[in-house]
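Enquirer: Numbering (our numbering), first residue to last: 168 to 272.
(1) In this structure, how does DSSP classify residue 265 when only helix, strand and coil are distinguished?
(2) Consult DSSP for residue 272 and reduce its assignment to one of helix, strand or coil.
(3) To the nearest angstrom, how far is the alpha carbon of residue 257 from that of residue 238?
(4) Return helix, strand or coil for residue 252, following the three-state DSSP convention.
(5) Excluding the 5 residues flanking residue 204 on each side, which residues of the same chain have their C-beta closer than 8 Å to its C-beta?
Here is the structure:
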């Protein structure tokens, strides 16, 4: 499942950071020497760097969210435990009051 998400994420990021049609490097004429090739490779590397930076940022955000969720789960478990303790205490008090009322009668 995560592989499918990664493929979709990579496709989305590649589309977001790919050079726009107006920014594309023109194809050199057949008589020209390919001087733009290093520039084209540099552009592709910069796209990869941008995608990597965006992916890293998203990964960091995801990890931060997972940590907050884990912290919230721990806090909720502590609250649930306290609530159960209060319920048990309340039940014991009711039983004690009921027993004392029976003794008094």
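All C-beta atoms, glycine included, are put in the ideal place defined by N, C-alpha and C.
Expert: From the atom records:
(1) Numbered from its first residue, the chain shown carries residue 265 at position 98. Residue 265 falls in the helix class under three-state DSSP.
(2) Position 105 of the chain shown, counting from 1, holds the residue named residue 272. Residue 272 falls in the coil class under three-state DSSP.
(3) Here residue 257 refers to the residue found at position 90 of the chain shown. Here residue 238 refers to the residue found at position 71 of the chain shown. C-alpha separation (whole angstroms): 29 Å.
(4) Position 85 of the chain shown holds residue 252. It is helical.
(5) Looking up residue 204 in the chain shown gives position 37. For residue 204, the predicted model reports a pLDDT of 49, less than 50, meaning its position is unreliable and no value from the coordinates is stated.
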